[in-house]
Structures are given as structure tokens and as C-alpha cells.
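**Student:** Residue numbers (UniProt numbering): 1 to 489. Cβ coordinates follow ideal geometry from the N, Cα and C atoms, glycine included. Have a look at this one.
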């Protein structure tokens, strides 16, 4: 890795005005994409800029504060459009996908000002006729230029290209990421996301509560990135979500938790966990305060049923749980834009003592943009095939997950337990989890339903887990079928 750092002084005005030509030299003959961020809605002022090697392959860099690895896939499409897909942590692993930015050919060519929420962007590329003043900002002072290269991902990239490209020396390696920043602007940890600087967001500020009033009692659960505690706020029991110790210093993880807080704060539905507030003294002790559900999660309840040998089959009580979950999904789908809960599973369905369910864990839920989403997030056994394969998907993906939950309600077992119990599949191969997931994507393995479950419910569950998304019902259609069934129970 090599880097160049500069800051302050008149010389940097000239350097900034030569930024695009400098990029062309740094990237040599390789294609690149530049995204310039502006705090002004008309893109008239400079905030920051980031440039990406447009190889169409997984590339890597460090984020602005070097606290965590970030990877991306930048590419030009056959129709002339351009895109940058961002990943956190492991190189371009589907479960670490964060967001995708796209721009059409015309906007890319004429450098039109485009908007994403409250941010404004201008796109440039190696296809441009670059002038020396394309990114000039006038009298900007305190400019920092960071040119960052991750040799591991670059080495992989050049092994693939070595036979068709000239051999490069260490000093001529092209950049994968370049970040340009003005001191007057807080550079987001990763440019072009929709979660920048959320601690100043109006929704967050309006719902901030005193950290000293949140009294922690005991740990309830722990995940890869977060922990949930039973606590008290204003003498009432609450559930408090915090980041695990290892990630509390990461601004990106802080923004993720704030994004979850903002999303839940804007929702109002009886079967979605209620938002109470967000609190912090410093951002490293940020906590999300939510309604406490004293019945635990659905997976824990089903494990108890399994251990005590409760009869299988979907009863009226279980069907009512499914109905209310479907109510929540229908609500999420009705929002503008629709919200996709991308980690729908029994562990994320909470219950109170009267068995009323509520959805929780919106940490990886996203508002669906006009284009469908790509890459996978969520727990693999509940994933739809298109999500596992990294294909485009929409709201029908969580209907597949809903079908898996119906199977859990029926049999009490973890999804596909019958397949994993075989140890060896019909082809004589050991049934590893990887082999199981591959068979799910091809339709060779499906979730099961018992003969004790009413036929209409079995038919609904089987329709939900159809391989083709178009064969699955919408949340509203599933809700109607459940209403009809329960009316006849």
C-alpha cells in the first residue's frame, strides 16, 4: 500500500483543479469511476470525491478513518450506465453487501447533479474528455487527498489481467480508491450511502433520550455485531440494543445502528416492535431502546415445543401468529418506498405472554429503491434462492422466508432439519450446509409440512417457497388466505 497526504495552503488549490488529470495518470489505462459529493443541492460546492477502479471485479480499500476494510465492485454496463456496489468486511461476500449506487449513461456523460436523500452527487469516468478544471472548487482550503491501494486485492486483479495487460512495477500499480475531502465537510465513512452522519438527523435528534435514565439489568442475546439487554427506562422494562465492544469505535457500525433506529422510529404498526428512543453520552456507548417482549422469540418457543414433544401441526394459535406476522409484512410492503425485512426468521419474531408476535431486528432491512436489490443479507436457511445466488430480488424474497417460518411453526424444527439428518444425500454425497444450500437454490430440497396441518396452509407454505419469485404470493395475498382460513377454523 502507498498513500499521499496533503493539507492546507494555496498549492492545494492547483492540485485540486488537476485532480481528474491526476487520476487518469494514476489509473494508467485502466477504467475508473469518480463520484463527487456536494453538500449543496445543486452540486455547486465541493464536499468530497471518491474514485474507483472500474474492473467489474471485487476490489478493496480502507475507509476514511482506516478502522475497517471496505470492498466494492465498480463497473460500466453494456448500456453505458455505471454502478458501484459496496461491501463491508470480507471481500465482496454477499452477506456483507451494503448498498449499490447507479447512474445512467446520459447523467454520467454530462455530469448532471443527481440526488440521494439529502445528498447531491456528480459522476465522472475514464470515458470523459477531461479538462483540468472539472473538479475545481475555487478557494477551498484544508484539502486532504488520500490515495489508498490494497495490494492483496490488486494482486488478484492483475493476475487475471497479466496475459492481456502490460506488466506493472510496484510504482505503477493503479489505484483502487481515491478519496478527496474538504475540511468544511465531514467525510462519511463510505461515500454514496444513505446513512451519513445520522447522529444529526432530525428523527434521531427528536427521539434522543437521556443515557443516564437507561438502567441495564442483564444480557438477553448476543450477535455478531450487537447485544440486547433487559433494562429499565423510567422504571419500565425495555430492551436495549448496543454494539459489541469490538465495533463500538467504528463510525460505520454506529451509523448502522442509528439507521435501524431511524427506520423503526418512522414505523407504526401493532406487530412491529415499538421504538422508545436512542441514547448516548458518546457515540461509542450508543444504545437503541425498544419495547420489551416478555414472551421471548418464536424460535425459543418452538425449541421448547420440540423438547417437550408437543404435537406437530399448525393450530389456530400458530396460524394466528402467522397471520399477524403477515400483517406486519403487508404494512412494510405498503410503505413508500417498500421496506424489505431481509432477515425474517423465527428468531426475529418476538412474542408477549399472550402470544402476540412482533417483528424485530431491522438492522439489515432496507427501503427498496426503484431498481431491485442485489446480493444477499440474512441467515442462509431462511434465504430465498435468488438471494443466495446474489441475483436481483424484491419483496417476494421475504415471502420465501415467511414460508420457511410456516414450516417451523408446523414441525417445531429448524429449517431443512430433515435434509441435514440424512447425513448423505440421494447422490451419495455428504450433506454439508454448503451442499444443502446448493440444493435449495435448485429446488432439489424444500421445507416440509406435516399431514396434521390443514391443506390450505400447506398449499400456502409451498407457494411461498416456490423457486420462482413470480410464483409466490404477495404479503397481501397471503394475508387474505390466512384470514379466510381462520374465519372457518
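Below 8 angstroms between beta carbons: does that hold for residue 410 and residue 346?
**Tutor:** For the purposes of this step, residue 410 is identified with residue 410 of the chain shown, where counting begins at 1. For the purposes of this step, residue 346 is identified with residue 346 of the chain shown, where counting begins at 1. Cβ distance not < 8 angstroms, so residue 410 and residue 346 don't count as in contact.
**Student:** As a quick exercise: from 244, 437, 452, 396, pick the residue whose alpha carbon is nearest that of residue 477.
**Tutor:** As a working note, residue 477 is residue 477 in the chain shown. It is 396.
**Student:** Among 78, 38, 56, 74, whose alpha-carbon lies nearest the alpha-carbon of residue 111?
**Tutor:** The residue labelled residue 111 in the question sits at position 111 within the chain shown. That would be 38, whose Cα lies nearest to the Cα of residue 111.
**Student:** With residue 225 and residue 218 assumed to form a contact (beta carbons below 8 angstroms), what rounded beta-carbon distance in angstroms separates them?
**Tutor:** Numbered from its first residue, the chain shown carries residue 225 at position 225. Numbered from its first residue, the chain shown carries residue 218 at position 218. Going by Cβ atoms, the distance from residue 225 to residue 218 rounds to 20 angstroms, so no, they are not a contact pair.
**Student:** Quick check on the burial criterion: 16 or more other C-beta atoms within 10 angstroms. Buried or exposed for residue 234?
**Tutor:** For the purposes of this step, residue 234 is taken as the residue at position 234 of the chain shown. It counts as exposed.
**Student:** Straight-line CA distance for residue 104 to residue 84?
**Tutor:** By 1-based counting over the chain shown, the position of residue 104 is 104. By 1-based counting over the chain shown, the position of residue 84 is 84. Cα-Cα distance, rounded: 12 angstroms.
**Student:** Can you say whether residue 36 is buried or exposed, counting buried as having 16 or more other CB atoms within 10 angstroms of its CB?
**Tutor:** As a first step, residue 36 is located in the chain shown; it is residue number 36 there, counting from the start. When all chains shown are included, residue 36 counts as buried.
**Student:** Apart from the five residues just before and just after residue 399, which ones in its own chain have a Cβ nearer than 6 angstroms to its Cβ?
**Tutor:** For this step, residue 399 is matched to residue 399 along the chain shown. Here the set comprises 464, 472.
**Student:** Please report the distance separating the alpha-carbon of residue 329 from that of residue 475.
**Tutor:** Locating residue 329 in the chain shown gives position 329, counting from the first residue. Locating residue 475 in the chain shown gives position 475, counting from the first residue. For residue 329 and residue 475, the distance between alpha carbons rounds to 6 angstroms.
**Student:** Would you mind working out which of 220, 270, 71, 286 sits nearest residue 321, comparing C-alpha positions?
**Tutor:** Taking the chain shown and counting its residues from 1, the one referred to as residue 321 is at position 321. The shortest Cα separation from residue 321 among 220, 270, 71, 286 belongs to 270.
**Student:** Given a cut-off of 8 angstroms, decide if residue 404 and residue 447 are closer than it, judged by their beta-carbon atoms.
**Tutor:** One-based indexing of the chain shown puts residue 447 at position 447. One-based indexing of the chain shown puts residue 404 at position 404. In this structure, residue 404 lies closer than 8 angstroms to residue 447 by Cβ.
**Student:** In angstroms, rounded to a whole number, what distance separates the CA positions of residue 221 and residue 431?
**Tutor:** Position 221 of the chain shown, counted from the first residue, corresponds to residue 221. Position 431 of the chain shown, counted from the first residue, corresponds to residue 431. For residue 221 and residue 431, the distance between alpha carbons rounds to 30 angstroms.
**Student:** Look up residue 123 in the DSSP assignment and say whether it is helix, strand or coil.
**Tutor:** Here residue 123 corresponds to residue number 123 of the chain shown, with the count starting at 1. Residue state, collapsed to three classes: strand.
**Student:** Quick one: measure Cβ to Cβ for residue 289 and residue 214, integer angstroms, because I've assumed they're closer than 8 angstroms.
**Tutor:** Taking the first residue of the chain shown as 1, we reach residue 289 at position 289. Taking the first residue of the chain shown as 1, we reach residue 214 at position 214. Right, the Cβ-Cβ distance comes to about 6 angstroms (below 8 angstroms), so this counts as a contact.
**Student:** Ordered along the chain, which non-local residues of its own chain (more than five positions away) have a Cβ less than 6 angstroms from that of residue 124?
**Tutor:** As a working note, residue 124 is residue 124 in the chain shown. So the qualifying residues of the chain are 34.
**Student:** Hey, is the stretch 198-205 in contact with the stretch 253-261, meaning 3+ C-beta pairs nearer than 8 angstroms?
**Tutor:** In short, these stretches touch, since the Cβ pair count reaches three.
**Student:** Which of helix, strand or coil does DSSP assign to residue 30?
**Tutor:** Taking the chain shown and counting its residues from 1, the one referred to as residue 30 is at position 30. DSSP places residue 30 in coil when its eight states are reduced to three.
**Student:** For residue 223, count neighbouring C-beta atoms within 10 Å of its own C-beta (all shown protein chains included) and say buried if the count is 16 or more, exposed if not.
**Tutor:** Translated into the one-based positions of the chain shown, residue 223 becomes position 223. Answer is exposed; the Cβ neighbour count stays below 16.
**Student:** Within 10 angstroms of the Cβ of residue 413, are there 16 or more other Cβ atoms? Answer buried if so, exposed if not.
**Tutor:** On the chain shown, position 413 is the one that residue 413 refers to. Buried.
**Student:** If you measure from the CB of residue 308, is any heavy atom of the ligand FAD nearer than 7 angstroms?
**Tutor:** The ligand FAD is not part of this structure, which contains no ligands at all.
**Student:** According to DSSP, is residue 492 part of a helix, a strand, or is it coil?
**Tutor:** No information on residue 492 is available, as it lies outside the stretch 1 to 489 that the chain covers here.
**Student:** Please go through the same chain and pick out, in chain order, the residues whose beta-carbon is closer than 7 angstroms to the beta-carbon of residue 237, but skip the five residues on each side of it.
**Tutor:** Working through the chain shown from its first residue, we reach residue 237 at position 237. Within the same chain, residue 237 has close Cβ partners 230, 292.
**Student:** Output yes or no for whether 8 angstroms exceeds the beta carbon distance between residue 306 and residue 286.
**Tutor:** Locating residue 306 in the chain shown gives position 306, counting from the first residue. Locating residue 286 in the chain shown gives position 286, counting from the first residue. In this structure, residue 286 does not lie closer than 8 angstroms to residue 306 by Cβ.
**Student:** Can you list, in chain order, the residues of its chain whose CB lies under 8 angstroms from that of residue 81, leaving out five sequence neighbours each side?
**Tutor:** The sequence position of residue 81 within the chain shown is 81, counting from 1. Correct list, in chain order: 102, 103, 104, 105, 108.
**Student:** If we ignore side chains and look at the alpha-carbon of each, how far apart do residue 255 and residue 240 end up?
**Tutor:** Residue numbering aside, residue 255 sits at position 255 when the chain shown is read from its first letter. Residue numbering aside, residue 240 sits at position 240 when the chain shown is read from its first letter. Their backbone Cα atoms lie some 17 angstroms apart in a straight line.
**Student:** For residue 191, count neighbouring Cβ atoms within 10 angstroms of its own Cβ and tell me buried if that reaches 16, exposed if not.
**Tutor:** Walking along the chain shown from the start, residue 191 turns up at place 191. Low per-residue confidence applies at residue 191: pLDDT is 33, beneath 50, and the placement is therefore not dependable enough to give any value.
**Student:** Which residue from 114, 115, 32, 113 puts its Cα closest to that of residue 74?
**Tutor:** Taking the first residue of the chain shown as 1, we reach residue 74 at position 74. Minimum Cα distance to residue 74 is reached at 32.
**Student:** With the cut-off set at 8 angstroms, would you say residue 359 and residue 341 are in Cβ contact?
**Tutor:** The residue given as residue 359 occupies position 359 in the chain shown. The residue given as residue 341 occupies position 341 in the chain shown. Contact flag set, yes.
**Student:** Looking at the unbroken beta strand (DSSP E) that takes in residue 227, where does it start and where does it end?
**Tutor:** Residue 227 sits at position 227 when you count from the first residue of the chain shown. DSSP places residue 227 in the uninterrupted beta strand (DSSP E) bounded by 226-233.
**Student:** In chain order, which alpha helix (DSSP H) runs of at least 4 residues are fully inside the stretch 247-307?
**Tutor:** 251-265, 298-307
**Student:** Rounded to whole angstroms, what is the Cα-Cα separation between residue 459 and residue 482?
**Tutor:** Looking up residue 459 in the chain shown gives position 459. Looking up residue 482 in the chain shown gives position 482. The straight-line gap from Cα to Cα measures roughly 11 angstroms.
**Student:** Can you tell me whether residue 439 is buried or exposed, with buried defined as 16 or more other CB within 10 angstroms of its CB?
**Tutor:** The residue labelled residue 439 in the question sits at position 439 within the chain shown. Classification for residue 439: buried.
**Student:** So, helix, strand or coil for residue 237, using DSSP?
**Tutor:** Against the chain shown, residue 237 aligns to sequence position 237. In this structure, residue 237 counts as strand in the three-state DSSP scheme.
**Student:** Could you compute how far the alpha carbon of residue 356 sits from the alpha carbon of residue 297?
**Tutor:** In the chain shown, the residue the question calls residue 356 occupies position 356. In the chain shown, the residue the question calls residue 297 occupies position 297. Taking the straight line joining both Cα atoms gives about 11 angstroms.
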